[in-house]
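First up is the structure itself, then whatever we jot down about it.
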Amino acid sequence: MKDIFDEIASLKREKNAVILAHYYQEPDIQDVADFVGDSLELSKKAAATGARIIVFAGVHFMAETAKILNPAKKVLLPDLKAGCSLADSCPPAPFALFKAKYPGAVVISYINCSAEIKALSDYICTSSNAEKIVRSISPDKTIIFAPDKNLGAYLVKKTGRPMALWQGSCIVHETFSEKKIVQLKTRYPDALVIAHPECEEPILKLADHIGSTSSLLKFTQQNPARQFIVVTEAGIIHQMKKASPGKEFFAGPPDDGAETAACGCNECPHMKRNTLEKLRDCLRDETPEIVLGEPLRIKALVPIERMLALS
Ligand code: 13P
Ligand code: SF4
């Protein structure tokens, strides 16, 4: 009898499908994927693939972005309910009212948002290219940045560019405990703290390196340090261990009262809705599929293409 890994491999061949997985997916899913990456890399892969079917092992806004870029392809998401608290924190109607308060402003939206928010934006960015995109905007323009207030505040500090920030955030990246990171650092003084810019400012202040998931991974490969405290969703540690088997990685501790991540709050509950079984079933049944109306898709495509041209 075939095991699930063989089943997925043959279904993929049979159906001319590609599996794209984000670093926050469970290790088995990362291991069956054709490509594992951060949001920007996955968007680029989605834009370039020749496959008939894209299985997006990630969350809804990621699969939706792949569909915006590939209207003729079938884009599948193993669990259609795999959402994102950050994307949900920015509903289109209140955002349109917020935008109306700044006539003539340039809207830069983090890719973690719905197609409706993308359609209201001038540029999309990811954590890999956000700084570059902010710096590309003419200094005489007002910038609105949505939906992540933490990434927005980090960019304001980094670029010196004031921006009107939508007050959204990610439940996972706001879970980390400053006190427990300091305690870990005391126990492992040589460990470097690496953090995703979706974290709050007091956490980022403790970081030796701040960057997208790919940037954090690269840092652990290139830096000679042997120990790292990884302050982002814990799924990325799978690739860090694979790339640097001799090094030690501590998952950033959440504020749950326990010494380590007993609550599992440093794991994204949305990302983790996808399982290997759901991935196999969606490949086999070619559902659930991302469906998007053409007028909305065309509007949402414009700021994504501007981002890809700048990346
Ligand atoms: P990156 O993939 O850009 O590092 O973003 C992480 C994230 O929160 C995805 O939801
Ligand atoms: Fe959204 Fe946060 Fe999960 Fe990323 S980690 S998908 S931003 S809820």
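Residues 985 to 1295, numbered by the working numbering, are exactly what the sequence shown covers, in order.
Glycine residues also receive a C-beta, built at the ideal position from the N, C-alpha and C atoms.
Report buried or exposed for residue i, applying the criterion of at least 16 other Cβ atoms within 10 angstroms of its Cβ.
i        : result
Leu-1024 : buried
Phe-1045 : buried
Glu-998  : exposed
Tyr-1086 : exposed
Ser-1196 : buried
Glu-1217 : buried
Lys-1116 : exposed
Gly-1144 : exposed
Asn-1000 : exposed
Do you know offhand how far residue i's Cα is from residue j's?
i        : j        : result
Ser-1122 : Ala-1130 : 18 Å
Phe-1160 : Ile-1013 : 25 Å
Asp-1265 : Ala-1041 : 13 Å
Lys-1058 : Lys-1189 : 43 Å
Glu-1278 : Leu-1104 : 15 Å
Pro-1237 : Ser-1199 : 20 Å
Ser-1153 : Gln-1009 : 20 Å
Ser-1120 : Cys-1252 : 32 Å
Val-1043 : Ala-1175 : 31 Å
Thr-1259 : Pro-1062 : 8 Å
Gly-1088 : Ile-1127 : 9 Å
Ala-1031 : Ala-1235 : 32 Å
Pro-1181 : Glu-991  : 38 Å
Pro-1173 : Ala-1227 : 23 Å
Lys-1164 : Pro-1055 : 46 Å
Could you give the first and the last residue of the continuous beta strand (DSSP E) run that contains residue i?
i        : result
Glu-1232 : 1232-1235
Tyr-1138 : Run containing Tyr-1138: none in the beta strand (DSSP E); it sits in the alpha helix (DSSP H), 1133-1143.
Ser-1093 : 1090-1094
Which one or two residues does DSSP pair with residue i in a beta bridge?
i        : result
His-1193 : Ile-1178
Ala-1041 : Ala-1005
Leu-1060 : Val-1039 and Glu-1273
Ile-988  : DSSP, once it has assigned bridges, lists no residue as partnering Ile-988.
Phe-1019 : Leu-1004
Cys-1109 : Tyr-1094
Practice task
Go through the residues and name those whose CB comes closer than 5 Å to any heavy atom of the ligand 13P, in chain order.
Solution key: Asp-1022, Ser-1023, Thr-1110, Ser-1111, Ser-1196 and Thr-1197
Practice task
Please list, following the chain, all residues that have a C-beta closer than 7 Å to any non-hydrogen atom of the ligand SF4.
Solution key: Tyr-1008, Val-1043, Cys-1068, Ser-1069, Leu-1070, Ala-1071, Asn-1096, Cys-1154, Ile-1155, Val-1156, His-1157, Glu-1182, Glu-1217, Cys-1252, His-1254 and Met-1255
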